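Residue numbers (the working numbering), protein chains in the order written: chain E, 24 to 445; chain V, -13 to 335.
In what follows, a structure is listed as C-alpha cells, so that the remarks can point back to it.
Here it is, written out as C-alpha cells:
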C-alpha cells in the first residue's frame, strides 16, 4: 500500500463525517424556512377560514305596505325611502313575542345585519308583486351574532352579545333557524364598515387594473432598455454609469417612488388621486429595474454563437436581435416580469402617498375610478376595531397569497418549460 | 425620424394635458381616528341616497389638513376629518391658498383609555400616577423641586395603594395621533398636578412641554405599531401589562380587556361625554364651502352626519364607539353645518 492510499484511508471517515454534517446543516436551513412558512400559514388559515362562511337566520318577512310606507312599489322615490328595517324588526318581534322594553327591542333587531334591509329593497324592486305578501327568507346575521355562532360552545361567554341576545341565538339555533352558508359578499362586494357586508372584489379589481397598467408599461420599456443596453449600447463610462444607476434604483425604498408619483403624476400632470392609473405608473417605476436586470441576464445567456451564425448568414443586427436573441431570451424575461409583478402586487407604501389607502365602497370599472388594492385592504381591515375584521384580514391575506403563489408558480413552470440550455 | 419626433411630442402633450378631471364623488381625507366613523356615515349615505359613496382616505389629521388647504378645485379634497382642532397656522395656509370659507363641525368625542386584560387586576389610578409611571423625567421622590430620571419600576413604587406589578404599558408610536393625545391629556394632565411644574408653563414653555409630554424610553413604555388590535392581543396574552388605545377598541373588545379607572371614573358614553372622564378629545370635520354646489352630495353628506340618527345618543355612530356631544352642543353644530357658517379665525383665541 502506498503512502497516499494510507493517508486517504485515514482521513476517509472524517471526510464522510464532514459531508454528513454539511448536508445536515443544509437540511436544517430548509426546515427552518419551511417551519416559518408553516407557522405563517397555520396562523393565517386558522384565523381566516371562518370568514369564508357566514350564518343567516330564517325569518317570516311580511312586505307590509303600511310598515314600509310604500303603496306603489314601482315608484323609485318610495322604494328608496321604504322602512325595510322596520319590516325586519316586525319579523323578529313576531318570532320572539313578549319583548317589550325599548332596549331589548333594539338588542333584538341588532342581531340581523343591516344588509337585510337592502336585500329586501332589491327584492321589491325586482318583483313589485311581493308587496303585501309574506315570504320565509334567510337573512344575514350581524357580525357580532355571526361571530357568536362561529365561536365554539366553551368560549361563547366572551362573545360581544348580551345574555339576552345569547339566549335568543340559542333558541334560534335549537330550532334550526340559523344555518351556515358560503360568504358570497366576500367575493362580490367592495369595502364596507360592517364586517358581514365587506368584500374584497373592489380591492381585487383595483389590483387588477393597477397591474395591467404596470405590465403594459414596465414590460415593453424594460425589455427595450435591456435590449439596447446589451446589444447596441457602446461600452463606455456613460453606459457604466447607467448600469450602476439601474442597480441602484432596484434598491431604492418603494415609498420614495410614491413621493415621486405624488409630485410628478398628481402634482405636475394633475392626475386624480386614488386611481389605479397613477398606482400603475408608480409601480412601473418600481418594477422597471427588476425587469431590466432580469431581461439583461436572459439576453446574456443567449450564446454568442447564435448571433455569430445569424450574422454570418447575412442577417442585420436588428434581424439578429428580433429574430434570434429576443425569442430565445423571452422565457427568462417573462419570468423576471412575473416576479416583478408579484412584487408590485404586494406593495402598499408607495400607494399610501397617492391616496390609494382609502375607503372605497363602489367597485372600480376602469383604471380611472378610485380604487384600492389587496395589500391596502389588508392594512385597512387590520386596523379596524371590530373583532370580525380580524378574520376578514386573514381571509384577505389568504386571497392575496393565492394570487402570489399562482404567479410565482407560473414563473417557475415557465422557466422549466421554455428555458433552453446550451 | 420625423414621425418619431411627432409621436414623442404627442405623447408628451397627452400626458401634460390630462385635465383636472370633473368629479362626482365627494372626496374626504384626514384623521385615522375619525375614519371608522366617517366611513360608516359615507356607506349609509351612499346606500340610502342616489349619490355615489364618498371616498375617504386615511391620511392622519395633519396630512389631511395639508391636502385640504392646498387649494380650491376638483383635484383637492372637499372635506377633511381631524381628531384635533384646526391650528391657526393651518387656517392661514388655507387662506393663502384661496380656501377662505371653511365650515367647522364638531362630531363628538373619542375617549382615550388605559386598559388591561379582564384576567388582570382591577386598577384605579390618578393622572398623577400615570405621569409618574410614564414620564421620562419626574420630580425627585424625596419631595425637592428637581427633576430626576424616572426611578419607578412598579406601580406600587408610584403609589403604595397600587399592586406590586411591574410598570409595563403598550401604546402607540410617536407618529400616531393617539400618542399625541396620550401625552397631552394623560401625561401632561398628571404633570400639571405639581404646582411648580405647572408654573414652568408660564416661564419656559418649551421646557414645560419637554418635561410634561415626554415618555420614558427605558422599556417600561413599549411601542406597538399603529395597529390597536395588536395591543389588544398583547394584553390578552399578558394580564399584567396595560395598554393605551381609543375608546372604540375598548367598546369592541369588552370581552377581552377592561378599562383602568381614572380617579374612580371608568370611561363610558356618559362620563366621557360629560367631561368627567379626563382623557377625551373632540373630533372635527371641515368643509370647503367653495366646493358645495360644485361637487354633488357634500351638503347631503354633512346633513346625514349631523342627523341624530347618526351622531345622536342612540345613533349608529354610537354603536361604533363614538361618544356623542351633549344635545345642546350637537344642535349648535348641526345648525352651523346646515347654514355652512364660515370660520372667522376667532376660534383660535
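Note that CB positions come from ideal geometry on N, CA and C, so glycine has one too.
What you are looking at is a predicted structure, and each value in this text was computed from that prediction instead of being measured.
Note down the Cα distance separating residue 396 of chain E from residue 208 of chain E, rounded to an integer number of angstroms. Rounded to the nearest angstrom, the two C-alpha atoms are 17 Å apart.
Flag residue 244 of chain V as yes when its Cβ comes closer than 6 Å to any non-hydrogen atom of the ligand ADP, and as no otherwise. The ligand ADP is not part of the structure shown, which contains no ligands of any sort.
Residue 1 of chain V versus residue 294 of chain E: straight-line alpha-carbon distance, rounded: Note that residue 1 of chain V has pLDDT 46, beneath the 50 cutoff, so the model's placement of it is unreliable and the number below is only indicative. So the two alpha carbons sit approximately 9 Å from each other.
Following the continuous alpha helix (DSSP H) through residue 349 of chain E, name the residue where it begins and the one where it ends. Its alpha helix (DSSP H) spans residues 349 to 368.
Kindly list the residues whose CB is nearer than 7 Å to the CB of residue 224 of chain E, restricted to its own chain and excluding five residues on each side of it in sequence; keep chain order. Hits under 7 Å: 210, 211, 212, 213 and 386.
Mind pulling the chain E residues with CB within less than 9 Å of residue 38 of chain V? 384 and 385, listed in chain order.
Quick one: list the residues of chain V neighbouring residue 409 of chain E, beta-carbon separation under 8 Å, in chain order. Contact of residue 409 of chain E with chain V by beta-carbon distance below 8 Å involves 238.
Chain E beta carbons: is any one of them nearer than 7 Å to that of residue 291 of chain V? Under the Cβ distance rule, residue 291 of chain V does not count among the residues neighbouring chain E, no pair being separated by less than 7 Å.
Could you check whether the Cβ of residue 151 of chain V sits closer than 7 Å to any Cβ belonging to chain E? No, its Cβ sits nowhere closer than 7 Å to a Cβ of chain E.
Identify the contact partners of residue 253 of chain V in chain E, using a Cβ-Cβ distance below 8 Å as the criterion. What residue 253 of chain V touches in chain E: nothing, since even the nearest Cβ is about 15 Å away.
Using a Cβ-Cβ cut-off of 7 Å, state whether residue 216 of chain E counts as contacting chain V. Among the residues facing chain V, residue 216 of chain E is included, as its CB has a counterpart in that chain under 7 Å away.
Does any residue of chain V have a CB that is nearer than 7 Å to the CB of residue 406 of chain E? Taking a beta-carbon distance threshold of 7 Å, residue 406 of chain E counts as an interface residue toward chain V.
Smallest Cα separation from residue 12 of chain V: which of V:18, V:83, V:182 and V:27? Relative to the Cα of residue 12 of chain V, the nearest Cα in the group V:18, V:83, V:182 and V:27 belongs to V:27.
Where residue 186 of chain V falls: helix, strand or coil (DSSP): When DSSP states are grouped into helix, strand and coil, residue 186 of chain V belongs to the helix group.
Taking the alpha-carbon of residue 83 of chain V as reference, which of V:297, V:276, V:209 and V:16 has the nearest alpha-carbon? For the residues V:297, V:276, V:209 and V:16, the minimum Cα distance to residue 83 of chain V belongs to V:276.
Residues of chain V with CB under 9 Å from residue 97 of chain E, in chain order? The CB of residue 97 of chain E never comes closer than 9 Å to any CB in chain V; the least such distance is about 17 Å.
For residue 234 of chain V and chain E, any beta-carbon pair shorter than 7 Å? Answer yes: the Cβ-Cβ gap between residue 234 of chain V and chain E drops below 7 Å somewhere.
Short-range partners of chain E found in the segment 38 to 66 of chain V, where Cβ spacing is below 9 Å: Hits within the stretch, in order: 38, 39, 40, 41, 42, 43, 44, 45, 53, 60, 61 and 63.
Proximity test, Cβ basis, 7 Å: residue 29 of chain V and chain E: The beta carbon of residue 29 of chain V falls within 7 Å of a beta carbon belonging to chain E, placing the residue at that interface.
In whole angstroms, what is the alpha-carbon distance linking residue 233 of chain E and residue 51 of chain V? Distance from the CA of residue 233 of chain E to the CA of residue 51 of chain V, rounded to the nearest whole angstrom, comes to 28 Å.
For the candidate residues E:188, E:89, E:176 and E:301, whose alpha-carbon lies nearest to that of residue 132 of chain E? Of the residues E:188, E:89, E:176 and E:301, the one whose Cα lies closest to the Cα of residue 132 of chain E is E:188.
Residue 42 of chain E classed as buried or exposed, judged by whether at least 16 other C-beta atoms fall within 10 angstroms: Of the other Cβ atoms in all chains shown, fewer than 16 fall within 10 Å of the Cβ of residue 42 of chain E; this residue is therefore exposed.
Grab the span of the alpha helix (DSSP H) containing residue 25 of chain V for me, first residue to last. Run containing residue 25 of chain V: 21 to 34, per the alpha helix (DSSP H) assignment.
Residue 26 of chain V: contacting residues in chain E (beta-carbon distance under 7 Å): Residues of chain E with a Cβ closer than 7 Å to the Cβ of residue 26 of chain V are, in chain order, 216.
Where the segment 288 to 313 of chain E meets chain B: residues whose CB sits under 7 Å from a CB there: No chain B appears in the structure shown, which is made up of the protein chains E and V.
In three-state DSSP terms, what is residue 16 of chain V? Here residue 16 of chain V sits in strand by DSSP.
Please list, in chain order, the chain E residues whose beta carbon lies closer than 8 Å to that of residue 212 of chain V. Within chain E, the residues near residue 212 of chain V are 406.
Relative to the C-alpha of residue 31 of chain V, which candidate in V:305, V:321, V:286 and V:334 has its C-alpha closest? If we check each option's Cα against that of residue 31 of chain V, V:286 comes out closest.
CB contact check: residue 340 of chain V to chain E, cutoff 7 Å: Lying outside -13 to 335, the shown extent of chain V, residue 340 of chain V is not represented and no answer is given.
Could you tell me whether the Cβ of residue 298 of chain V comes closer than 7 Å to any Cβ of chain E? Judged by the 7 Å Cβ criterion, residue 298 of chain V is not in contact with chain E.
With three or more beta-carbon pairs closer than 8 Å as the criterion, would you say the segment 318 to 326 of chain E touches the segment 246 to 264 of chain E? The segment 318 to 326 of chain E vs the segment 246 to 264 of chain E: in contact.
In chain V, what lies closer than 8 Å to residue 381 of chain E by C-beta? Per Cβ cutoff of 8 Å: 41, 42, 43 and 44.
Assuming residue 144 of chain V contacts residue 115 of chain V (C-beta within less than 8 Å), just tell me the rounded distance between them. Right, their Cβ atoms sit about 5 Å apart.
Counting contacts by CB-CB distance shorter than 7 Å, is residue 333 of chain V in contact with chain E? For residue 333 of chain V, the nearest beta carbon of chain E is not closer than 7 Å to its own beta carbon.
Residue from E:91, E:302, E:102 and E:63 whose Cα sits closest to the Cα of residue 110 of chain E: For the residues E:91, E:302, E:102 and E:63, the minimum Cα distance to residue 110 of chain E belongs to E:91.
Beta-carbon gap between residue 237 of chain E and residue 303 of chain E smaller than 7 Å: In this structure, residue 237 of chain E lies near residue 303 of chain E, with their beta-carbon atoms less than 7 Å apart.
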